[in-house]
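Trainee: Next up is a structure, given as structure tokens.
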Amino acid sequence: EDAPADLPFTVGDRVCAMFHEAPRGALGEYASIHASSVCSKVPENVSSTDAASLGSSGPAAMALFDKINKGDRVLILGAGGGVGSLLCQLARIKGASYIAGVSSDPDRLLQEPL
Numbered sequence: 173e174d175a176p177a178d179l180p181f182t183v184g185d186r187v188c189a190m191f192h193e194a195p196r197g198a199l200g201e202y203a204s205i206h207a208s209s210v211c212s213k214v215p216e217n218v219s220s221t222d223a224a225s226l227g228s229s230g231p232a233a234m235a236l237f238d239k240i241n242k243g244d245r246v247l248i249l250g251a252g253g254g255v256g257s258l259l260c261q262l263a264r265i266k267g268a269s270y271i272a273g274v275s276s277d278p279d280r281l282l283q284e285p286l
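175 is the number that the working numbering gives to position 3 of the sequence shown; each next residue is one higher, with no gaps.
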């Protein structure tokens with residue numbers, strides 16, 4: 173069946189999703205889920221392997237990724253954590269600049285190579 177018209181994806185698109193409705197897990201090459209479980213469409217320049225490795229931080233970061241546009245200036249608080257560090261990388265992929273807010277020197281050091 174087709175996805176509702178108000179969603180930013182269609183049947184067959186690569187997406188990030190939360191499998192909270194799958195009672196036995198989601199280990200498989202393909203899965204069928206309800207459209208409300210989809211967090212975001214996977215961008216063309218992100219491989220399926222990279223998308224799958226994002227874990228639980230990934231869907232949260234990908235949901236925010238859709239709100240970032242090329243040329244935006246983004247403030248990312250908690251940039252040393254899972255979601256924040258992914259957002260820094262995703263902002264760069266989109267062509268946005270960012271200011272990374274961290275709470276400690278070790279977290280700051282994680283951001284320097286990005």
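Idealized CB from N, CA, C, for every residue including glycine.
Bear in mind the structure is a predicted one, so any value in this text is a computation, not a measurement.
Can you list, in chain order, the residues of its chain whose CB lies under 8 Å from that of Ile271, leaving out five sequence neighbours each side?
Mentor: Only Arg245, Val246, Leu247, Ile248 meet the Cβ criterion.
Trainee: Return the first residue and the last residue of the alpha helix (DSSP H) that Arg245 is part of.
Mentor: Segment 245-249 is the beta strand (DSSP E) holding Arg245; no alpha helix (DSSP H) there.
Trainee: Kindly give me the distance between the Cβ atoms of Val218 and Val187, rounded to whole angstroms, as I take these residues to be in contact under 8 Å.
Mentor: Not confirmed; about 12 Å, so no contact.
Trainee: If you count every other CB in all the chains shown that lies within 10 Å of the CB of Ile265, and 16 or more means buried, which is it?
Mentor: It counts as exposed.
Trainee: Quick one: give me the first and last residue of the alpha helix (DSSP H) that Ile265 is part of.
Mentor: First-last of the alpha helix (DSSP H) with Ile265: 254-266.
Trainee: Can you look up Gly230 in the DSSP assignment and give me helix, strand or coil?
Mentor: Three-state result, Gly230: helix.
Trainee: Rounded to whole angstroms, what is the Cα-Cα separation between Met234 and Val183?
Mentor: C-alpha separation (whole angstroms): 19 Å.
Trainee: Near Lys242, what residues of its chain come up, given a Cβ to Cβ distance below 7 Å and the 5 sequence neighbours on each side ignored?
Mentor: If we look at Lys242 and ignore the five residues flanking it on each side, its Cβ neighbours are Lys266, Gly267, Ala268.
Trainee: Tell me which residue opens and which closes the alpha helix (DSSP H) that Ser220 is part of.
Mentor: Note, Ser220: alpha helix (DSSP H), 220-224.
Trainee: Quick one: using the 10 Å Cβ neighbour count with 16 as the cut-off for buried, is Ser204 buried or exposed?
Mentor: Exposed, because fewer than 16 other Cβ atoms sit within 10 Å of the Cβ of Ser204.
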